[in-house]
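Numbering (our numbering), first residue to last: 187 to 478. Quick reminder that beta carbons are idealized off the backbone N, C-alpha and C, glycines included. Structure first, then comments.
Set out below in structure tokens:
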């Protein structure tokens with residue numbers, strides 16, 4: 187039996203040399219050797235491409251963990267809070283981005299506060315714009331938020347810094363800004379010569395002060411004559427006597443119930459009232475420019 191040489195053909199089978207016949211185009215014309223070489227090369231490239239795609243798909247579905255920290259510029263202590271971190275898709279709605287992944291945790295730390303969030307790469311689609319946003323919540327209420335999403339850069343997964351701003355505060359009347367000391371607590375005049383609670387109201391909506399026993403921090407939202415204090419954070423020192431402790435409790439409860447503010451014409455007396463227009467606290471002004 188006569189044996190001939192074996193040659194490779196496009197379908198990767200083998201035929202005897204004397205049986206090999208040139209393939210033809212759909213028009214009936216014979217395929218050229220250069221066309222066959224190009225077709226074979228494209229087939230090999232396609233095979234390699236599929237292998238690369240499989241590897242890419244495996245990488246795409248792997249989890250990634252982003253590390254960073256959040257901070258804010260206001261000089262105020264943060265009470266126990268909840269940190270919420272979100273990865274958002276900003277492509278279609280930059281002002282109202284869609285949440286892709288979310289993580290939250292409780293913290294008792296002061297800023298900067300470290301965070302991390304883990305998500306699946308498969309959630310991040312090609313040709314989309316993603317960002318990172320953070321919120322600090324106290325008693326379920328947002329105190330600080332990122333003003334806008336920080337662009338997500340997967341090349342920087344461990345050094346993300348998010349600077350938050352005060353949330354939900356409107357710039358109060360300049361007349362409110364200043365240092366105030368309490369002269370009337372409920373129906374009690376505080377004129378016995380003992381120290382009295384104080385408030386420092388700032389034009390950026392931040393509030394500081396003292397209950398005598400403890401230091402306080404809070405926020406305020408002012409709309410016309412309406413005034414609401416946000417959750418009040420306090421230090422945890424015990425009062426020296428029962429009378430001072432009772433005054434402290436009533437002072438803090440009155441801040442929580444405040445709904446309306448009024449000021450006399452000279453601008454040196456501030457009255458805080460509840461939603462039934464009942465006076466709760468009356469302050470005298472100490473200064474117009476509190477030290478922040």
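Start-to-end residues for the alpha helix (DSSP H) that takes in residue 287: Taken as a continuous stretch (DSSP letters only), residue 287 belongs to no alpha helix (DSSP H), being part of the beta strand (DSSP E) at 284-293.
Distance between residue 252 and residue 366 (C-alpha atoms, nearest Å): Here the alpha carbons of residue 252 and residue 366 stand approximately 45 Å from one another.
Span of the alpha helix (DSSP H) around residue 443: Segment 428-443, the alpha helix (DSSP H) holding residue 443.
Alpha-carbon spacing of residue 456 relative to residue 378, whole angstroms: Cα to Cα, the separation comes out at about 20 Å.
Length of the line joining the Cα atoms of residue 282 and residue 382: Going by the C-alpha atoms only, they are around 46 Å apart.
Contacts around residue 294, its chain only, beta-carbon distance under 6 Å, and the 5 residues preceding and following it disregarded: Excluding positions up to five away in sequence, the list reads 266.
Nearest to residue 374 (by Cα), restricted to the options 468, 284, 287 and 327: Checking every option, the nearest Cα to that of residue 374 belongs to 468.
Rounded separation between residue 268 and residue 329 - CA only: Rounded to the nearest angstrom, the two C-alpha atoms are 10 Å apart.
Three-state secondary structure (DSSP) of residue 267: Three-state DSSP puts residue 267 in a strand.
Validate contact between the segment 401-417 and the segment 439-446 using beta carbons, cut 8 Å, 3 pairs: Here the segment 401-417 makes contact with the segment 439-446; the two share three or more CB pairs at distances below 8 Å.
Cβ neighbours of residue 400 in the same chain (closer than 8 Å, five flanking residues each side left out): In the same chain as residue 400, and ignoring 5 residues on each side of it, the C-beta atoms closer than 8 Å to its own belong to 420, 421, 422, 423 and 434, in chain order.
Local Cβ density within 10 Å of residue 271, reported as buried at 16 or more and exposed below that: Sixteen is the threshold: when 16 or more other Cβ atoms of the shown chains lie within 10 Å of the Cβ of residue 271, as they do, the residue is buried.
Beta-carbon proximity of residue 148 to residue 336, cut-off 8 Å: Any question about residue 148 goes unanswered here, given that the chain covers just 187 to 478.
3-residue-minimum beta strand (DSSP E) runs that sit fully inside the segment 303-332, ordered along the chain: Listed in chain order, the complete beta strand (DSSP E) runs (minimum 3 residues) inside the segment 303-332 are 316-324 and 327-331.
For residue 402: DSSP bridge partner residues: The partner list for residue 402 (beta bridge, DSSP) reads 395 and 420.
Alpha carbon of residue 304 to alpha carbon of residue 312, nearest angstrom: In this structure, the alpha-carbon of residue 304 lies about 19 Å from that of residue 312.
Separation of residue 263 from residue 470, as counted between CA atoms: Distance between residue 470 and residue 263, taken at the CA atoms: about 26 Å.
Three-state secondary structure assigned by DSSP to residue 465: In the displayed model, residue 465 falls within a strand according to three-state DSSP.
Backbone CA spacing between residue 459 and residue 321 [nearest angstrom]: Annotation: residue 459 to residue 321 spans about 31 Å, alpha carbon to alpha carbon.
Residues bridged to residue 336 [DSSP beta-bridge criterion]: Bridge partners of residue 336: 318.
DSSP three-state assignment for residue 274, whether helix, strand or coil: Residue 274 sits in a strand when the DSSP states are folded into three classes.
For residue 319 and residue 462, the rounded distance between their alpha carbons: For residue 462 and residue 319, the distance between alpha carbons rounds to 39 Å.
Beta-carbon proximity list for residue 370, same chain, < 6 Å, skipping 5 on both sides: Non-local C-beta neighbours of residue 370 in its own chain, meaning closer than 6 Å and more than five positions away in sequence, comprise 468, ordered along the chain.
Residue 341 burial status per 10 Å Cβ neighbour count (16 or more: buried): Counting Cβ neighbours within 10 Å, residue 341 comes out exposed, since fewer than 16 surround it.
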